[in-house]
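Under our numbering, the first residue of the sequence shown carries the number 1085, and numbering increases by one thereafter. Okay, structure first, notes after.
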Amino acid sequence: MAKKVLMIDDDPEFVDAISNLLDAKGYEVHTASNGKDGVAAAKAEDPDLILLDVMMTTKHEGFDVARELHEDPKAKDTPILMMTGIRREMNLPFGFEPDEAWLPVKQVLEKPVKPEVLLKAIDEHIRKA
1085 MAKKVLMIDD
1095 DPEFVDAISN
1105 LLDAKGYEVH
1115 TASNGKDGVA
1125 AAKAEDPDLI
1135 LLDVMMTTKH
1145 EGFDVARELH
1155 EDPKAKDTPI
1165 LMMTGIRREM
1175 NLPFGFEPDE
1185 AWLPVKQVLE
1195 KPVKPEVLLK
1205 AIDEHIRKA
């Protein structure tokens, strides 16, 4: 049975490109374009892994979604990989690291993400789950 990946991102071109990549590798891909729909999809679809953007409706929406899913009994064990270009877009001199309370994700990947790096991270975290 194909592993399910939920992608929560508001960039339709990026979502399309990553969806095509994952589909070609045999993943079942579900998408949501904002945090509210993403949380609902995570609860309804029970994905094996979530790919989450940071900046969507607000500049911090992805952080809020990660914390909300972490607090939900049904979704809290689903691995989340955060993919973001926030560091580059906001010219931040630092990156973000997973943190149990502040940023409950398994890994943070900087956009643009190389396909081989993304696929390796997805495979690694799905196997650990």
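A virtual CB, placed ideally from N, CA and C, is assigned to each residue, including glycine.
Between which two residues does the alpha helix (DSSP H) containing residue i stretch?
i, result
"L1090", "No alpha helix (DSSP H) holds L1090; the beta strand (DSSP E) holding it covers 1088–1092."
"P1199", "1199–1212"
How big is the Cα-Cα spacing for residue i and residue j?
i, j, result
"A1150", "K1190", "10 Å"
"A1086", "D1130", "13 Å"
"L1202", "D1156", "26 Å"
"D1094", "G1146", "11 Å"
Within the continuous beta strand (DSSP E) that includes residue i, where are the two ends?
i, result
"V1192", "1191–1194"
"L1187", "Premise fails: L1187 is in no beta strand (DSSP E) and is neither H nor E."
"T1162", "That residue, T1162, is in no beta strand (DSSP E); it is neither H nor E in DSSP."
Would you grab the beta carbon distance between residue i and residue j for me? Rounded to a whole angstrom, and I think it's under 8 Å.
i, j, result
"A1213", "D1132", "6 Å"
"A1128", "G1122", "Not really, about 11 Å apart at Cβ, beyond 8 Å."
Give, in chain order, every unbroken run of the beta strand (DSSP E) that is at least 3 residues long and sits entirely within the region 1106–1146.
1112–1116, 1133–1136
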